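Down below is the structure, laid out as structure tokens.
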Amino acid sequence: MNKSAEIVIPLNNWASQRVLSYAVGDMIKHYGFAVSYRDMPARDQWGALQKGLIHFQIEIWQQSMAGSFNRMLDNQYIVDLGMHDAMVREEWWYPEYVAALCPGLPDWKALNACAHLFSAKPEGTKGTFYTIDWDYQDADLIRALGLNFTIERLSNEAELWQKLEQASDRNQPIVLINWTPNWTDFYRPGQFVEFPAYEKACETEASWGINRNLVNDCGNPQQGWLRKAGWPGLEKTYPCIYNLLKQVNFSQNMIADASALSIIEGHSELQAAQLWQTKYAPEIANWLDPTCLN
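Just so you know, the numbering used here puts 239 at position 243 of the sequence shown, and the rest follows in order with no gaps.
So, in structure tokens, the structure goes:
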């Protein structure tokens, strides 16, 4: 096994993925490999994984990445490194205080009655849904369910939480993309909007659901999977790393803690990764193979 080669890990644009990628990178360094990191949007990682420009992705979320993941897997452009224990959800979300300002929530039908309260403009009538440039079908959802909302796409996660803080300080209604596990699980009570329950047919069959003419008239999976994927040559070229990644298994709290260490406690991503490894040292010890240690 060539330990002079450099293992390249992608860094996406949300906190837990970045912190946990640094943590897993440190585990790989225990095996004697050099590790480097490459900032890239999630949408750019698939081709890089296929070509071995990056070697693995530790957080693949079902709702935003299943389409790309399944296509790449079917074509044998990537390998499936397994699922984490953590179950995930990605959906429209509001902080707890909003419930009293918009009666009827979390039912999605309450959104239109309160749309003006969610407007980004003082006298606006259309609500604003804040999100990031990820692969969701929110525009389809708005059309299919007739929601009186527009979408504002923010550049990054920091801008999203800044909007949340500003609204919370003013007790202003806000609805934004959120996910679990996340730091909000511990530090900012809130609730997901409950859209019509997800079924696979909702994405492909217009006749399914409330709107008989349009697809995507449902919410996202409430118990989604979180997976790992790798470069197809990983097992043959770096068997110790391949086996480590198969063993790495994040719980809900592990992911929420990684996010909170960075966003709430204000540690740098590298510091957060170190603190996270200290907290979860027993689990990490079980993932590492003593015969692979440098």
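Just so you know, even glycine gets a beta-carbon here, dropped at the ideal spot from N, CA and C.
Nothing here was measured: the structure is a model prediction, and the numbers come from that model.
Please tell me whether residue i and residue j are closer than 8 Å, where the distance is taken between their beta carbons.
i, j, result
"asparagine 245", "aspartate 103", "no"
"tyrosine 194", "asparagine 216", "yes"
"lysine 224", "glycine 21", "no"
"valine 84", "glutamine 53", "no"
"isoleucine 147", "tryptophan 88", "no"
"glycine 123", "alanine 106", "no"
"leucine 257", "leucine 271", "yes"
"isoleucine 24", "isoleucine 237", "yes"
"tryptophan 130", "isoleucine 259", "no"
"glutamate 265", "tyrosine 18", "yes"
"cysteine 33", "isoleucine 5", "This sequence places tyrosine at residue 33; cysteine is not what is there. Against a cut-off of 8 Å, the Cβ pair of isoleucine 5 and tyrosine 33 comes out as a contact."
"asparagine 207", "tyrosine 93", "no"
"glutamine 187", "alanine 95", "yes"
Can you tell me which of the three DSSP states residue i falls into?
i, result
"valine 171", "strand"
"glutamate 92", "coil"
"aspartate 134", "helix"
"alanine 154", "helix"
"glutamate 148", "strand"
"valine 20", "helix"
"phenylalanine 29", "coil"
"phenylalanine 246", "coil"
"glutamate 2", "strand"
"leucine 143", "coil"
"leucine 160", "helix"
"leucine 266", "helix"
"isoleucine 128", "strand"
"leucine 284", "coil"
"threonine 176", "strand"
"leucine 7", "strand"
So residue i and residue j are supposed to be a Cβ contact under 8 Å. How far apart are they, rounded?
i, j, result
"isoleucine 74", "leucine 113", "That belief does not hold up - the Cβ atoms of isoleucine 74 and leucine 113 are roughly 44 Å apart, past 8 Å."
"proline 37", "asparagine 71", "With 8 Å as the limit, proline 37 and asparagine 71 do not qualify as a contact, their Cβ atoms being about 21 Å apart."
"serine 12", "alanine 254", "4 Å"
"valine 211", "valine 189", "About 19 Å; that fails the 8 Å criterion."
"glutamate 86", "tryptophan 10", "The pair is not a contact, with the Cβ atoms about 10 Å apart (cut-off 8 Å)."
"aspartate 136", "threonine 127", "Not quite, the Cβ-Cβ distance comes to about 13 Å (not below 8 Å), so this is no contact."
"proline 235", "serine 164", "About 49 Å separates the two Cβ atoms, so there is no contact after all."
"cysteine 214", "phenylalanine 191", "6 Å"
"proline 169", "leucine 241", "Actually they are not in contact, since the Cβ atoms of proline 169 and leucine 241 sit about 42 Å apart, beyond 8 Å."
"glutamate 298", "alanine 30", "Since the displayed the chain opens at -3 and closes at 290, residue 298 lies outside it and no answer follows."
"valine 15", "alanine 268", "5 Å"
Is residue i near the ligand SAH - that is, is its Cβ less than 7 Å away from at least one heavy atom of it?
i, result
"threonine 274", "As presented, the structure is devoid of all ligands, the ligand SAH included, so that no description of it is given."
Given 8 Å as the limit, is there contact between the segment 242 to 258 and the segment 115 to 129, that is, 3 or more CB pairs closer than that?
no
So within the segment 190 to 241, which uninterrupted beta strand (DSSP E) runs reach at least 3 residues, ignoring any that extend past its ends?
If we require 3 residues or more, the beta strand (DSSP E) runs fully inside the segment 190 to 241 come out as 222 to 226.
Within the chosen definition, does the segment 218 to 232 reach the segment 134 to 148 through at least 3 CB pairs nearer than 8 Å?
no
Contained beta strand (DSSP E) runs [length at least 3] in the segment 32 to 117, N- to C-terminal order
52 to 57, 75 to 79, 85 to 91
Whether or not the segment 187 to 204 and the segment 275 to 285 are in contact is what I'm after, with contact meaning three or more pairs of Cβ atoms, one per stretch, closer than 8 Å; do they touch?
no
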